[in-house]
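To start, the structure under review is shown below, and the notes come after it.
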Amino acid sequence: LRKASVSSSTNNNHQLQRSTSQESLHSNLSEFSTSSNSISRIPTRTPAKSQQQKLPANSNIYTTPNTKSLLTQAAATLAAVTPSSNQMSSLVQTIKEKDIFIEKLQSQREQDRLEFSRAAQQVDEMESRLLTFKQQYDVKVVENEELKKEQYQIHRQVEDLEFQLEEYKLNDVNKDNSTTSTIPEGYRLLSPNDIEIYEKIKEKHVELESMNQRLILEKQTLLDEHRQELKRQQESSENDYKTRLNELEKKYYNDLTTSQTNNTETIVAEYELKLNNKDKQFNDLIEQLKKQIIDLQNQGIASSEKEIFYKQQLEEQQAKNEQSINETQEIQSQLSTLQQEKELNEKRTNNLLVELKNYQENIIPDLEKQNQKLLTDLENRVQATNSTLSERESEYEQRMKQYQSDIDEINRESEQLCLELKKIQEENRSKEKQATDLINTIKQEYEKKCEQLQNELSEREQKANATLNERESHYEQQIKDYQAKLEQSTHEIQEEKTSNEKKFNDTINTLKQDYERQYEILKTELTELQDRDRTQNMALNERESHYEVQIKEYQTKRDQAIRESQDLRTELTKLQDLEQQIESYKIQIIELENQ
Numbered sequence: 003l004r005k006a007s008v009s010s011s012t013n014n015n016h017q018l019q020r021s022t023s024q025e026s027l028h029s030n031l032s033e034f035s036t037s038s039n040s041i042s043r044i045p046t047r048t049p050a051k052s053q054q055q056k057l058p059a060n061s062n063i064y065t066t067p068n069t070k071s072l073l074t075q076a077a078a079t080l081a082a083v084t085p086s087s088n089q090m091s092s093l094v095q096t097i098k099e100k101d102i103f104i105e106k107l108q109s110q111r112e113q114d115r116l117e118f119s120r121a122a123q124q125v126d127e128m129e130s131r132l133l134t135f136k137q138q139y140d141v142k143v144v145e146n147e148e149l150k151k152e153q154y155q156i157h158r159q160v161e162d163l164e165f166q167l168e169e170y171k172l173n174d175v176n177k178d179n180s181t182t183s184t185i186p187e188g189y190r191l192l193s194p195n196d197i198e199i200y201e202k203i204k205e206k207h208v209e210l211e212s213m214n215q216r217l218i219l220e221k222q223t224l225l226d227e228h229r230q231e232l233k234r235q236q237e238s239s240e241n242d243y244k245t246r247l248n249e250l251e252k253k254y255y256n257d258l259t260t261s262q263t264n265n266t267e268t269i270v271a272e273y274e275l276k277l278n279n280k281d282k283q284f285n286d287l288i289e290q291l292k293k294q295i296i297d298l299q300n301q302g303i304a305s306s307e308k309e310i311f312y313k314q315q316l317e318e319q320q321a322k323n324e325q326s327i328n329e330t331q332e333i334q335s336q337l338s339t340l341q342q343e344k345e346l347n348e349k350r351t352n353n354l355l356v357e358l359k360n361y362q363e364n365i366i367p368d369l370e371k372q373n374q375k376l377l378t379d380l381e382n383r384v385q386a387t388n389s390t391l392s393e394r395e396s397e398y399e400q401r402m403k404q405y406q407s408d409i410d411e412i413n414r415e416s417e418q419l420c421l422e423l424k425k426i427q428e429e430n431r432s433k434e435k436q437a438t439d440l441i442n443t444i445k446q447e448y449e450k451k452c453e454q455l456q457n458e459l460s461e462r463e464q465k466a467n468a469t470l471n472e473r474e475s476h477y478e479q480q481i482k483d484y485q486a487k488l489e490q491s492t493h494e495i496q497e498e499k500t501s502n503e504k505k506f507n508d509t510i511n512t513l514k515q516d517y518e519r520q521y522e523i524l525k526t527e528l529t530e531l532q533d534r535d536r537t538q539n540m541a542l543n544e545r546e547s548h549y550e551v552q553i554k555e556y557q558t559k560r561d562q563a564i565r566e567s568q569d570l571r572t573e574l575t576k577l578q579d580l581e582q583q584i585e586s587y588k589i590q591i592i593e594l595e596n597q
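When you read off a place in the sequence shown, starting at 1, and then add 2, the result is the number in my numbering.
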């Protein structure tokens with residue numbers, strides 16, 4: 003029996019060693035790692051399905067079938083060997099109580115593991131929150147840079163408006179105002195950043211001065227071109243006027259008065275259109291300036307709204323930071339509770355070890371060996387858990403320090419952002435003041451310009467009315483002179499017509515008389531010839547034919563004379579017209595030379 007029991011105990015010991023090695027392989031402690039990279043990626047401590055299938059719910063070393071069989075066999079051997087059954091029963095009861103206590107310790111250890119995994123999850127959540135905070139901070143930095151860019155653009159636009167105003171003033175007053183680039187007394191002690199900003203402002207000022215000079219040159223070129231265009235317009239208008247005068251002289255019978263009135267009306271209408279166009283251009287420029295100023299004001303309002311929005315976001319970040327600090331404090335409190343529980347567990351295990359050592363002297367050497375093995379396993383596991391917990395605690399402390407440093411940096415950056423926002427607000431206020439001052443100055447200058455333009459328009463209207471009156475009187479005198487000349491020329495032409503008609507009638511009468519005389523003479527001759535010999539009929543017939551031909555020739559000559567007389571009349575009228583035109587041209591040339 004003893005040999006069988008010893009062999010069974012050895013087999014059971016081998017099986018216990020194998021089971022404990024398998025349990026150590028399936029234990030959760032083997033999954034932990036001490037590297038800094040794996041700490042931030044701690045998985046949740048949920049037992050695998052294969053482990054759940056292999057191990058029962060209350061995974062106790064003494065509840066396995068091997069250990070139960072060993073205990074029953076040990077109890078049987080003790081009952082067979084020792085006569086005191088009461089002592090053995092008490093030992094068995096104490097062993098059962100120790101088993102129950104060990105099961106409780108294991109359940110507590112599992113709870114500690116679950117709490118530890120929860121703490122690791124909370125740490126991961128904190129890290130994710132910190133990452134989100136960093137991302138939000140980067141976004142805020144980008145938005146601040148965009149705001150700075152927008153502010154720089156607004157500053158550029160304001161400077162452009164200022165230079166436009168300076169150009170407008172230079173148009174009125176042709177004097178170059180020398181700008182001084184000295185540092186004011188209140189800003190002599192400056193930081194290197196301020197010095198760089200001041201140097202940049204100097205460079206911008208130099209660039210703007212060069213731009214101003216270029217604009218002045220462009221303005222002068224535009225003025226010269228405008229003057230040349232005016233000269234060209236004057237020359238073209240003079241040429242048009244001359245052509246119109248020529249057309250009027252050609253059509254002076256009926257179209258002279260109407261064309262002159264139309265020309266005067268067109269000149270007045272063109273002048274009025276030019277004035278209206280200039281007024282419209284000036285008003286359009288003023289409206290564009292007003293629109294630009296309104297856009298600048300809207301941009302300032304939008305920037306102020308963005309500043310309010312950023313303030314709210316900063317407050318929200320501060321609240322989130324406070325929440326994260328509170329959560330870290332809670333985690334620290336949980337870690338302290340875990341440490342306390344760990345100390346209690348260590349005390350309990352030490353007490354158990356002492357009690358087990360006391361009972362070792364009364365238990366069979368096989369049980370002592372088994373208990374020693376179990377104790378060594380437990381000590382190794384406790385040491386492993388203690389080492390892992392100490393490493394985790396050190397790592398968590400380092401992380402907490404890093405989190406606190408990050409939170410301090412975030413707070414500092416938030417303070418810096420608040421200071422920058424205050425500076426931006428002050429700059430926006432100063433720019434708003436400058437914009438209001440510019441608007442007021444522009445309004446005043448606009449009113450002054452309007453008054454000046456109204457005065458100039460009134461003066462130009464008076465001058466135009468005076469010149470129009472003078473030209474109308476001059477044209478009326480010319481029309482009267484032309485009418486008198488026309489009357490004289492028509493009277494002379496009528497006299498010449500009457501004289502030419504008389505001459506023509508006289509010539510026609512003389513020609514008719516001569517023709518009648520010749521006709522009568524021929525008739526008499528014909529009668530005489532007819533009365534003569536019949537033998538001379540042939541000669542007479544020939545003569546008659548000859549005389550008829552001569553009569554026809556005389557008739558053609560008479561028609562030609564009539565036509566020539568008509569051509570002479572037309573030529574006379576043309577010559578008279580040419581003489582009148584030459585005289586009128588001479589008069590106009592003299593008048594133009596006098597003008």
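Quick reminder that beta carbons are idealized off the backbone N, C-alpha and C, glycines included.
Cβ-Cβ separation, residue j to residue i (assumed contact under 8 Å), whole Å
i	j	result
N502	R571	6 Å
L139	I412	Checking the sequence shown, residue 139 turns out to be Tyr, not Leu. Correct: roughly 7 Å between the Cβ atoms.
L217	L440	The pair is not a contact, with the Cβ atoms about 18 Å apart (cut-off 8 Å).
V160	Q436	7 Å
K487	Q582	7 Å
L354	F103	7 Å
A122	Q336	That pair is no contact at about 11 Å.
R560	L513	6 Å
E329	M128	6 Å
N146	E422	7 Å
L594	E498	Actually they are not in contact, since the Cβ atoms of L594 and E498 sit about 32 Å apart, beyond 8 Å.
I426	Q153	7 Å
L167	I444	7 Å
L528	E546	7 Å
K322	F165	Going by Cβ atoms, the distance from K322 to F165 rounds to 46 Å, so no, they are not a contact pair.
Proximal residues to residue i (C-beta, below 8 Å), its chain only, five neighbours per side dropped
i	result
Q222	none
D114	L340, E343, K344 and N347
Per-residue DSSP class, three states only, for residue i
i	result
H28	Below a pLDDT of 50, predicted positions are generally treated as unreliable, and H28, at 43, falls in that range; no measurement from the model is reported.
Nonlocal neighbours in the same chain, by C-beta distance under 6 Å from residue i, ignoring five residues either side
i	result
D178	Residue confidence for D178 is low, a pLDDT of 48 falling below 50, so the modelled location carries little weight and cannot support an answer.
L107	none
S61	Any answer about S61 is weak, because its pLDDT of 43 lies below 50 and its placement is not dependable; what the coordinates show is given next. Nothing listed; no residue qualifies.
S407	none
K554	none
Neighbour flag for residue i against chain D, beta carbons, 7 Å
i	result
E530	Reference to chain D is not applicable here, since this structure consists of a single protein chain.
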